[in-house]
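Data block below; observations after.
Numbering (our numbering), first residue to last: 8 to 124.
Rendered as structure tokens:
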């Protein structure tokens, strides 16, 4: 039988995971900043909270960051960069779906297509 983890070990693991996500976020922001203007990248907590769920509000998960491309070339650049970094991408339209299809990945990018027709 496994021995229970101490509270300290659990807190240390959480801190390590949080730092790893912060480091990943910095790498992804740097990569996407090459092709997207600053206003097209949301990664501060207060900016990403609106993207933590779609119309199905029972489940919430903040994305690592949100990309708001304005052109097809920018969408391609986001997908290319995320693929190169091994970062998952979840496409999102208006966020009105009720199936949870736009549920973000906590270590991934939400690709908002709201600016497209």
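Where a beta carbon is used, it is the ideal one built from N, C-alpha and C, also for glycine.
| request: Compare the beta carbon distance of residue 114 and residue 31 with 8 Å and say whether it is the shorter of the two. | output: yes
| message | Per the DSSP calculation, residue 99 is bridged to which residue(s)? | response | For residue 99, which the question treats as bridged, DSSP gives the partners 119.
| query | Is the beta carbon of residue 112 sitting closer than 8 Å to the one on residue 70? | reply | yes
| request: Pick out whichever of 50, 75, 52 and 96 has its Cα sitting closest to the Cα of residue 121. | output: 75
| How should residue 117 be labelled, buried or exposed, when 16 other C-beta atoms within 10 angstroms of its C-beta is the threshold for buried? | buried
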